[in-house]
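Accompanying notes for the structure given below.
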Amino acid sequence: MTTTLVFLVALLVVFLGWIVRQSINVKPWAAGGLQPSETDHLHPAATAARVGLGVFLAVITSFFMLSISAYNMRMDMSEDWVSLSPPLLLWLNTLVLVAGSFALQRAWNLARAGHAARLMPALLAGGLFTGVFVVGQLIAWWQVHAGGYLLTGNPANSFFYLITALHGLHLLGGLVAWYRVVRRVRRSEHIARIRVSLELCTLYWHFLLLVWFILFGLLLTT
Amino acid sequence: MAHTGHDATSYAPPAELPEMELAHPKTFIGKYIWSQDAKVIAIQYAITATAIGFVALVLSILIRLQLGFPGTFSFMTPETYLQHVSMHGMIMVIYLLTALFLGGFGNYLIPLMCGARDMVFPYLNMLSYWVYLLAVLVLAASFFVPGGPTGAGWTLYPPQAISPGTPGIDGGIILMLASLALFIIGFTMGGLNYIVTVLQARTRGMTLMRLPLTIWGIFMATVLAMLAFPALLVAALMMLMDLLVGTSFFMPTMMALGEQTGYQDGSPLLFQHLFWFFGHPEVYIVALPAFGIVSDILATHARRNIFGYRMMVWALVAIGGLSFVVWAHHMYVSGMNPYFGFLFATTTLIIAVPTAIKVYNWVLTLWRGNIQLTLPMLFSIAFIFTFINGGLSGLFLGNVTVDVPLADTYFVVGHFHMVMAVAPIMVVFAAIYHWFPKITGRMLHSGMGHVHFWVTFIGTYAIYYPMHYLGFAGVPRRYYAYGETGFIPESVVTLNSAITIAAVVVSLVQILFIYNLVWSTFRGREAGPNPWKATTLEWQTEHTPPRHGNFGKELPVVYRWPYDYSVPGAKDDFIPQNVPPEQVEMLPEGAVGAGR
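Chains as they are written, first to last, in the working numbering: chain A, 34 to 255; chain B, 3 to 598.
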């Protein structure tokens, strides 16, 4: 649980700092209007959609941290753990996922610059790279399986399949959001609307890339 | 803050958000079934939770009939007994209390009390309810599959939960785990709404430190739930894999029904850690909204400002943070390292400090207040009593040396039900009696309400107090029947019968409560917009019940905290949050203080 607790402590420190700032010098019982500087709404850049994404990412972080905690605890708790060496294909897949993130970032940059007409190729490339990554992961599963590392053979194998599957499912969920952005671009909706949803999509992709780095690192080092 | 007096300017900053675009459905189905209005979703949540809660109530009566009069009821076999216990626990904790406090009261009160038109993501909010309903239906379906629901106990500990021979191994446990996963997905959708709405959609002037404590409680509970539920999801997924594809995450090498299973070296303890990493915050996911609601009801019905508002907020946050580092006190008997136990006993005792601050502040709010013994107030006072009782026995169990002999006895059942069942349900009743006039526009019948209160309050003590004695006598929990057990005296059998009779009476009076709800919805006395003379925004709406969009053309502007009761010098004993300082009617100069 150490991993999870470290994450929670970090989150709590931020949260506590925020609460203290909002409450320490305030007299809640005092009536009256407020000066603009005294409102404690979040920064104007913090829109509902962005805050919503932030909260959602915190939930997913908690989910993956707990999975990693379970991984580490299961490894320590019994004698039967035999590590499997991840197939080399995972390195290639990682590169593909990085390319996907880059493509989406490019699309987002174009949207921010107001080039709605030109962002489609980058956006499609982002989705395509992601699709290739998921297929690549499936091939990696097949390789691992063919190499004799069966799902039930060893907890290390079980966890390999479990955490790659959980990560892949989150990407597939992201593809639903990605498809909605594609639809918006095809319908030539207002650039502001495209920008908002494309931004959320891109940030989610970067986040899942980071999660993949951590999970891949875990697989390589244990 | 610069402005400390009532002479402050009436300036309020412009709204941060443009007016929301609300979907305005025209059809009956759009308004009441596929509704995106948080108030309708709240009622859908409340009705669904109450319905499945009644199933769990019936299960508990069947359990009690078996314990009180063993051997009398032929339909109670050891298997059905275990199944009833498991389903009763899981339904009550998750599908009733969590759903009712957050999905029910959260949805109804957050937009209204923050001064918002609706939740920030209404579509997601609607989806949240329908996924919850699906979770409930999947759970209920497990009663009808071959082999029935799971009999693994509500904590679903492996290896018991998925070993051959446990009731419900054929389908019940799969449906239970699937239903939990659905519940968590649905809850996450709702939780995003609760958190972001509180952060983003508050009206002008509604600073964080002017939020009613109800909102603070629901907000903190949602934060806890969003971080803790993933632990249950991970555990449920891993257990499903153990069961369906034969991995060995949790399942040790073992024989079952005389045959070697395929499992190897899995760790049941890992499940316990994951489960309780969710399970202990879950206690506070239910308790924090209750804390918040009870604070507001006490202030309103004692006509007095809440004592130590900021301390109450900080205590909520502190309890929330600490609740993540006490989980292993549920595992003292799992054979853990004694130093580990010492650590968790310490954190458990520390969490009593912010909790005690809250209790003192409630009592100090009542102190010299103008206490109105209305039904919400009666239930709130009952909550304080019950919570102190349950909390103190929690201090017993938090110490390893006391817990080890008591862990498997009825002392735990008594403690747990006092603090986690009776105390929150008292707040649920208080909140229903308090907000029903706003939700329906009519008062609940007071006579029926008083019968409901006294029978429930005294009845629950008649049920759970004796259980502490049963625990001291060493009567083990989870047993279907005790048979000829040497150390269990005849008096225990008599006491068990008495507990069962009390349980039946308390359950019957809940039917009266439901009848009161239905009767008062149609025949109750007209309540008017603000029957309790309360200050918070939901009582200041243009219409009662509030319509879609909550407030009239203009969102209210907030000038004060929600606890301006009995303000010295003011004509009325309450000043609503949206009344500007210059519009407060004051008593003539000489009369100030004369009334005190």
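By construction, the Cβ of each residue, glycine as well, lies at the ideal position given by its N, Cα and C atoms.
Checking 8 Å against the spacing of the C-beta atoms, do residue i and residue j come in under that value?
i, j, result
"Met228 of chain B", "Val218 of chain A", "no"
"Pro533 of chain B", "Met445 of chain B", "yes"
"Met607 of chain B", "Trp36 of chain B", "This structure leaves residue 607 of chain B out entirely; chain B is present only between 3 and 598."
"Leu318 of chain B", "Phe280 of chain B", "no"
"Leu236 of chain A", "Leu38 of chain A", "no"
"Arg212 of chain B", "Val581 of chain B", "no"
"Phe600 of chain B", "Phe381 of chain B", "Missing from the structure shown is residue 600 of chain B; chain B here goes from 3 to 598 and no further."
"Pro169 of chain B", "Pro270 of chain B", "no"
"Ile170 of chain A", "Asn126 of chain A", "According to the sequence as given, residue 170 of chain A is Gln; it is not Ile. In contact: Gln170 of chain A and Asn126 of chain A (Cβ atoms closer than 8 Å)."
"Leu557 of chain B", "Gly117 of chain B", "yes"
"Ala505 of chain B", "Ile465 of chain B", "yes"
"Ser336 of chain B", "Gln274 of chain B", "yes"
"Pro254 of chain B", "Tyr265 of chain B", "yes"
"Val457 of chain B", "Val520 of chain B", "no"
"Pro188 of chain A", "Ser250 of chain B", "yes"
"Ile217 of chain B", "Val198 of chain B", "no"
"Ser56 of chain A", "Leu126 of chain B", "no"
According to DSSP, is residue i part of a helix, a strand, or is it coil?
i, result
"Phe576 of chain B", "strand"
"Pro154 of chain A", "helix"
"Tyr567 of chain B", "strand"
"Thr79 of chain B", "coil"
"Asn532 of chain B", "coil"
"Arg444 of chain B", "strand"
"Pro120 of chain A", "coil"
"Thr537 of chain B", "coil"
"Pro478 of chain B", "strand"
"Ala258 of chain B", "strand"
"Met243 of chain B", "helix"
"Met428 of chain B", "helix"
"Met211 of chain B", "helix"
Residues of chain B with CB under 8 Å from residue i, in chain order?
i, result
"Thr185 of chain A", "Val247, Gly248, Thr249, Ser250 and Gly264"
"Phe193 of chain A", "Going along chain B, no residue has its Cβ under 8 Å from Phe193 of chain A, so there is no contact; the nearest lies around 11 Å."
"Ser100 of chain A", "Val236"
Residue i touches chain A at which residues, Cβ-Cβ below 7 Å?
i, result
"Tyr561 of chain B", "Ala64, Gly65 and Gly66"
"Pro583 of chain B", "Ala64 and Gly65"
Just how far apart, CA to CA, sit residue i and residue j?
i, j, result
"Val327 of chain B", "Phe40 of chain A", "13 Å"
"Phe309 of chain B", "Pro148 of chain B", "55 Å"
"Glu528 of chain B", "Gly443 of chain B", "6 Å"
"Ala150 of chain A", "Leu98 of chain B", "51 Å"
"Ser70 of chain A", "Val47 of chain A", "For Ser70 of chain A, the predicted structure reports a pLDDT of 46, less than 50, and the residue's modelled location is therefore unreliable. A value from the coordinates is still provided. Going from the Cα of Ser70 of chain A to the Cα of Val47 of chain A covers about 21 Å."
"Ile175 of chain B", "Gly150 of chain B", "9 Å"
"Asp172 of chain B", "Ala154 of chain B", "13 Å"
"Val365 of chain B", "Val424 of chain B", "19 Å"
"Leu117 of chain A", "Asn190 of chain A", "7 Å"
"Leu251 of chain A", "Pro119 of chain A", "10 Å"
"Tyr341 of chain B", "Tyr334 of chain B", "11 Å"
"Asn401 of chain B", "Phe474 of chain B", "16 Å"
"Ala347 of chain B", "Trp329 of chain B", "10 Å"
"Leu194 of chain B", "Leu259 of chain B", "46 Å"
"Phe145 of chain B", "Tyr47 of chain B", "21 Å"
"Tyr362 of chain B", "Gly461 of chain B", "26 Å"
"Val209 of chain A", "His203 of chain A", "10 Å"
"Trp541 of chain B", "Ser297 of chain B", "17 Å"
Mind listing the chain B neighbours of residue i? Cutoff is C-beta to C-beta under 9 Å, in chain order.
i, result
"Gly85 of chain A", "Val122, Phe123, Leu126, Leu194, Asn195, Ile197, Val198 and Gln202"
"Ala81 of chain A", "Leu19, Val122, Phe123, Val198, Thr199, Leu201, Gln202 and Ala203"
Are the C-beta of residue i and some C-beta of chain D separated by less than 8 Å?
i, result
"Gly207 of chain B", "Structure shown: chain D not included; protein chains present are A and B."
List the residues of chain B that residue i touches, going by C-beta distances under 7 Å, in chain order.
i, result
"Met110 of chain A", "Ser269, Leu271 and Leu272"
"Ser95 of chain A", "Leu229 and Pro232"
"Pro120 of chain A", "The premise fails here: Pro120 of chain A is roughly 20 Å from chain B at the closest Cβ pair, so nothing lies under 7 Å."
"Arg107 of chain A", "Phe251, Ser269 and Leu272"
"Pro154 of chain A", "Simply none; closest approach about 30 Å."
Could you name the residues of chain A that residue i contacts, counting a contact when the two beta carbons are closer than 9 Å?
i, result
"Thr190 of chain B", "Phe89 and Val92"
Give the interface partners of residue i over in chain A, defined as CB-CB distance under 8 Å, in chain order.
i, result
"Arg212 of chain B", "Pro61"
"Met243 of chain B", "Ser191 and Leu195"
"Ala240 of chain B", "A quick correction: the sequence has Met, not Ala, at residue 240 of chain B. Within chain A, the residues near Met240 of chain B are Ala103 and Leu195."
Can you find a heavy atom of the ligand MN that lies under 7 Å from the Cβ of residue i?
i, result
"Tyr463 of chain B", "Within the structure as shown, the ligand MN is missing, as the structure has no ligands at all."
Practice item. Closer than 8 Å, Cβ to Cβ, to anything on chain B: give me those residues from the segment 42-68 of chain A, in chain order. Key: For chain B, the residues of the segment 42-68 of chain A that bring a beta carbon within less than 8 Å of one of its beta carbons are Leu44, Leu45, Phe48, Leu49, Ile52, Gln55, Ser56, Asn58, Val59, Lys60, Pro61, Trp62, Ala63, Ala64, Gly65, Gly66, Leu67 and Gln68, in chain order.
Check your understanding: Along the segment 299-330 of chain B, what residues have a CB closer than 8 Å to any CB found in chain A?
Key -> Asn307, Tyr311, Arg312, Val315, Trp316, Val319, Gly323, Phe326 and Val327
Review point. What residues in the segment 275-294 of chain B bring their beta carbon closer than 7 Å to a beta carbon of chain A?
Key: His275, Leu276 and Phe279
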